[in-house]
Structures are given as structure tokens and as C-alpha cells.
Amino acid sequence: MKIIEIKKEIGGWIVVLGIGILLVLLNSGCNEEWKAKQGMLQKSRILMDKSAIRPDDGDSFFYKDIAIRVLGMDTPEITHPEHGIFEDQPYGREAALMTREIFAKAKVIEYLPFRNDSYGRLLAHVFVDGELLSVLLIKAGLAYETVYQYGDNGFPDLAEKIQKAACESGLPPFEPPYKWRRKHQIKP
666 MKIIEIKKEI GGWIVVLGIG ILLVLLNSGC NEEWKAKQGM LQKSRILMDK SAIRPDDGDS
726 FFYKDIAIRV LGMDTPEITH PEHGIFEDQP YGREAALMTR EIFAKAKVIE YLPFRNDSYG
786 RLLAHVFVDG ELLSVLLIKA GLAYETVYQY GDNGFPDLAE KIQKAACESG LPPFEPPYKW
846 RRKHQIKP
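Final position of the sequence shown in the working numbering is 853; the numbers increase by one with none missing.
Structure (C-alpha cells):
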């Protein structure tokens with residue numbers, strides 16, 4: 666009798682331990698591909714109402730009333746007097762135009778949200794017809810990758826794709842935007 670009770674108690678502890686391990690794995694550094702297969706990462710699909718998408722520059726846009734900043738890249742600046750930017754950085758208009766054209770031709774645009782930044786923008790990985798927008802602009806030489814600076818933001822597989830694109834593409838032909846901003850942005 667006592668052996669059966671001990672086995673039941675051990676079996677109960679094994680179940681509790683198994684659930685605990687599962688919870689740790691779900692909240693740990695498991696890659697996003699595994700999490701996506703488990704249905705844990707939810708991409709948000711942008712409705713293809715083209716008027717709902719308003720590109721701002723190469724690495725940010727508005728979707729309805731949401732300001733979205735694309736993770737993994739930094740494109741050259743364009744004039745934004747409200748942010749103290751009174752001139753275009755070289756290649757800024759080209760990056761903004763490429764993002765507009767990519768969105769205009771897209772069949773499906775999705776974003777994988779991370780969190781809001783200090784400016785209230787939603788930081789997100791953006792996918793256009795299944796491709797990372799950041800990878801497309803990096804490969805075109807119109808963006809610097811930012812994984813080295815900000816880390817993988819909990820998406821190591823996506824960060825690896827971004828860094829691979831940057832290594833294969835080489836440095837863009839313009840100054841890194843954060844350095845350019847330091848020299849040209851006028852803060853109130």
C-alpha cells in the first residue's frame with residue numbers, strides 16, 4: 666500500500682516538475698521559430714488598405730494611428746523639423762522611397778511587435794511577403810543593421826538573418842545615422 670502511495674506522490678511531482686520546465690522553456694531563450702510553431706508569437710497582419718499605411722522614412726511608418734519603428738536597421742534621416750532634423754542625410758530619400766515602393770507592391774505586410782520605445786513608437790520586426798523589411802533595405806545598401814548596438818530583442822533567429830545580410834552586403838555608402846544625427850540634429 667505504501668509503495669503505491671509513494672509512486673502516486675512521485676508521479677504528481679514529476680507532472681509538476683514537467684509543467685515547471687515547460688513554463689521556463691516558454692519564457693526563456695527558445696528561438697522564435699520554435700515559439701511560432703507553438704503559436705506563441707503572433708504576427709499582426711496589416712490590412713491591405715493602402716491608405717492605412719503612411720511611410721515616414723526608411724525605417725518607420727504609420728499604420729492607422731500606430732507609429733511603427735522597424736527593428737534591426739537604421740536608415741539615413743530625412744527632414745523632420747519637429748525632431749530637429751532640418752536637412753536630408755545622403756540616401757535618406759532613397760531609403761524612404763524604397764520602403765514606400767516595397768509597401769506599394771506587397772501582397773502581405775505583417776509585423777511582430779516587441780515593445781514601445783521612448784518616443785511611443787511600436788518597435789517591431791516587419792515582414793513584407795514573408796521577407797524582413799530590414800534585410801531588404803540592408804541588402805540594398807540603404808540601412809545599417811542595429812543588432813550589434815541593441816541586441817536581438819528576444820528574436821535571435823531574426824537578428825541572425827539581419828546580421829548575415831549586413832555581413833554579405835558590406836557597409837552602406839553613408840555615415841551611420843546615429844553619428845549623422847549627433848552632428849546635424851538641433852535639439853530644443
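Note that the Cβ used here is the ideal one computed from N, Cα and C, for glycine as well.
Give me whichever residues DSSP pairs with residue i in a beta bridge.
i: H849; result: None, per the DSSP bridge assignment.
i: D722; result: S725
i: A789; result: V735 and P778
i: R710; result: E775
i: L836; result: L836 pairs with nothing; no bridge assigned.
i: Y809; result: D739
Give every residue of the same chain whose Cβ lies closer than 6 Å to the Cβ of residue i, excluding the five residues on either side of it in the sequence, and list them in chain order.
i: L823; result: H790
i: K772; result: D794
Go ahead and pull the three-state DSSP assignment for residue i.
i: R765; result: helix
i: E747; result: helix
i: E742; result: coil
i: E825; result: helix
i: E697; result: With a pLDDT of only 47 at E697, under the threshold of 50, the placement of this residue in the model should not be trusted; the figure read from the coordinates follows. Of the three classes helix, strand and coil, the one that applies to E697 here is helix, per DSSP.
i: E752; result: coil
Smallest Cα separation from residue i: which of the options?
i: K829; options: P841, T811 and R846; result: T811
i: N818; options: P741, V735, A717 and D721; result: V735
i: T740; options: H748, A760 and E796; result: A760
i: S709; options: R719, P778 and S716; result: P778
Please return the same chain residues whose Cβ sits closer than 7 Å to the Cβ of residue i, not counting the five positions on each side in sequence.
i: T744; result: I750, F751, E752 and D753
i: L807; result: G723, T740, Y756, E759, A760, M763 and P837
i: S834; result: I803, K804 and G806
Can you list, in chain order, the residues of its chain with a C-beta nearer than 8 Å to that of residue i? Leave out the 5 residues immediately preceding and following it.
i: I642; result: Residue 642 lies beyond the residue range present for the chain, which begins at 666 and ends at 853; the question has no answer from this structure.
i: G816; result: A824
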